[in-house]
Amino acid sequence: MLKIKNLHVDINNKVILNKFYLSINPGEIHAIMGPNGSGKSTLSYVLAGKTEYNISKGEIYFKNKNLLYMKPEIRAREGIFVSFQYPIEIPGVSNDIFLYNSLKAIIKHKKKKELDRFTYKKIINKKMKILEKSKNFLQRFVNVGFSGGEKKINDVFYMFVLEPDLCILDEIDSGLDIDALKIVSKIINIMKNEKRSFLIITHYRRILDYINPDYIHILYNKRIIKSGNFNIISQLENHGYDGWINGK
6 MLKIKNLHVD INNKVILNKF YLSINPGEIH AIMGPNGSGK STLSYVLAGK TEYNISKGEI
66 YFKNKNLLYM KPEIRAREGI FVSFQYPIEI PGVSNDIFLY NSLKAIIKHK KKKELDRFTY
126 KKIINKKMKI LEKSKNFLQR FVNVGFSGGE KKINDVFYMF VLEPDLCILD EIDSGLDIDA
186 LKIVSKIINI MKNEKRSFLI ITHYRRILDY INPDYIHILY NKRIIKSGNF NIISQLENHG
246 YDGWINGK
């Protein structure tokens, strides 16, 4: 699904990622944890195609296609979804218009039958029922007037409708109360299958308790220094990142 090899990233001559490696197979859930400033969000920006970040060295392949040659909109149509730590607001564009045109573009890119309004409504109503959203939710402008937690749930709803192949969630659990966290985790668990992969960036174990990732990676000093199973979480909670680095 995703293969990152020897990635070097900098912005304004400051190195953010250095000798970074990561491989994710179809159907796997990977979590990345690390202290502030370790490069976690930079990774999501690079995968999304944010042009401010300079990739000086390395390779990124998504479904055996060179991701570095794809524009951000092509990456989205190919099946990459990124939920950023701070979702943006789009005044004047309703959730309904945003989702309809996004889904339509993805379906057209995959050369499938063109999406009509009737089929779209059928899809959206089914998803909204599962997420327990009212119909007036669709008429709200994208993230405008939403709380931080509502923006995160909105992003997860987009992911649920668009059904990407690789879901990259940057601190999707940040700012969520327990009920909202359960909703987000519920959607992730519904979407899990043998073909779809997840990369979840987080500071906390609480969302990981709900979704049970296959692998957890520790990002420190610009690269992944340790990968393993859920036992890593207990070690982090007991000793912190400094303790981990110092071998406690």
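For the sequence shown, position 118 (counting from the first letter as 1) is numbered 123 according to this note's numbering, and the numbering increases by one without interruption.
Ideal Cβ positions, reconstructed from N, Cα and C, are used throughout, including at glycine.
The structure presented is a predicted model; accordingly, all values stated were derived computationally and were not measured.
With H, G and I counted as helix, E and B as strand and the rest as coil, what does DSSP make of residue i?
{"i": "M196", "result": "helix"}
{"i": "H35", "result": "strand"}
{"i": "R211", "result": "helix"}
{"i": "F142", "result": "helix"}
{"i": "V161", "result": "helix"}
{"i": "F103", "result": "helix"}
{"i": "F203", "result": "strand"}
{"i": "I111", "result": "helix"}
{"i": "I221", "result": "strand"}
{"i": "D178", "result": "coil"}
{"i": "V263", "result": "This structure leaves residue 263 out entirely; the chain is present only between 6 and 253."}
{"i": "K127", "result": "helix"}
{"i": "K117", "result": "coil"}
{"i": "K191", "result": "helix"}
{"i": "K134", "result": "helix"}
{"i": "K231", "result": "strand"}
{"i": "K253", "result": "Confidence in K253 is poor, its pLDDT being 45 and thus under 50, which makes the residue's placement unreliable; the coordinate value appears in the next sentence. The answer is coil: DSSP assigns K253 none of H, G, I, E or B."}
Would residue i be called buried (16 or more neighbouring beta carbons within 10 Å of its own) or exposed?
{"i": "K253", "result": "Because K253 sits at a pLDDT of 45, beneath the cut-off of 50, its placement in the model cannot be relied upon, and the point is left open."}
{"i": "I135", "result": "exposed"}
{"i": "G42", "result": "exposed"}
{"i": "D247", "result": "exposed"}
{"i": "I221", "result": "buried"}
{"i": "F203", "result": "buried"}
{"i": "E160", "result": "Correcting the residue identity first, residue 160 is Asp in this sequence and not Glu. So D160 ends up on the buried side."}
{"i": "I195", "result": "exposed"}
{"i": "G84", "result": "buried"}
{"i": "R211", "result": "exposed"}
{"i": "Y50", "result": "buried"}
Using a Cβ-Cβ cutoff of less than 8 Å, which residues in the same chain neighbour residue i once the five nearest sequence positions on both sides are dropped?
{"i": "S99", "result": "L143, Q144, R145, F146, V147"}
{"i": "K132", "result": "F162, F165, V166"}
{"i": "S28", "result": "L7, K8, I9"}
Quick one: residues in its chain with C-beta nearer than 6 Å to the C-beta of residue i, no 5 flanking neighbours on either side, listed in chain order?
{"i": "H13", "result": "N23, S61, K62, G63"}
{"i": "Y125", "result": "Y105"}
{"i": "I192", "result": "V161, F165"}
Suppose the cutoff is 7 Å on Cβ atoms and the five residues either side in sequence are ignored; what does the same chain contact list for residue i look like?
{"i": "I111", "result": "R82, L167"}
{"i": "P218", "result": "I34, H35, A36, I205"}
{"i": "G2", "result": "Only positions 6 to 253 of the chain appear in this structure, which leaves residue 2 out of reach."}
{"i": "Y26", "result": "I9, K10, N11, I229"}
I'd like to know whether the C-beta atoms of residue i and residue j end up nearer to each other than 8 Å.
{"i": "I216", "j": "I223", "result": "no"}
{"i": "S107", "j": "D175", "result": "no"}
{"i": "P31", "j": "K200", "result": "yes"}
{"i": "G44", "j": "I21", "result": "yes"}
{"i": "D170", "j": "K55", "result": "no"}
{"i": "Q90", "j": "S139", "result": "no"}
**alpha helix (DSSP H) segments (min. 4 residues) lying fully within the segment 12-93** = Unbroken alpha helix (DSSP H) runs of no fewer than 4 residues, entirely contained in the segment 12-93, are found at 45-53, 77-83, following chain order.
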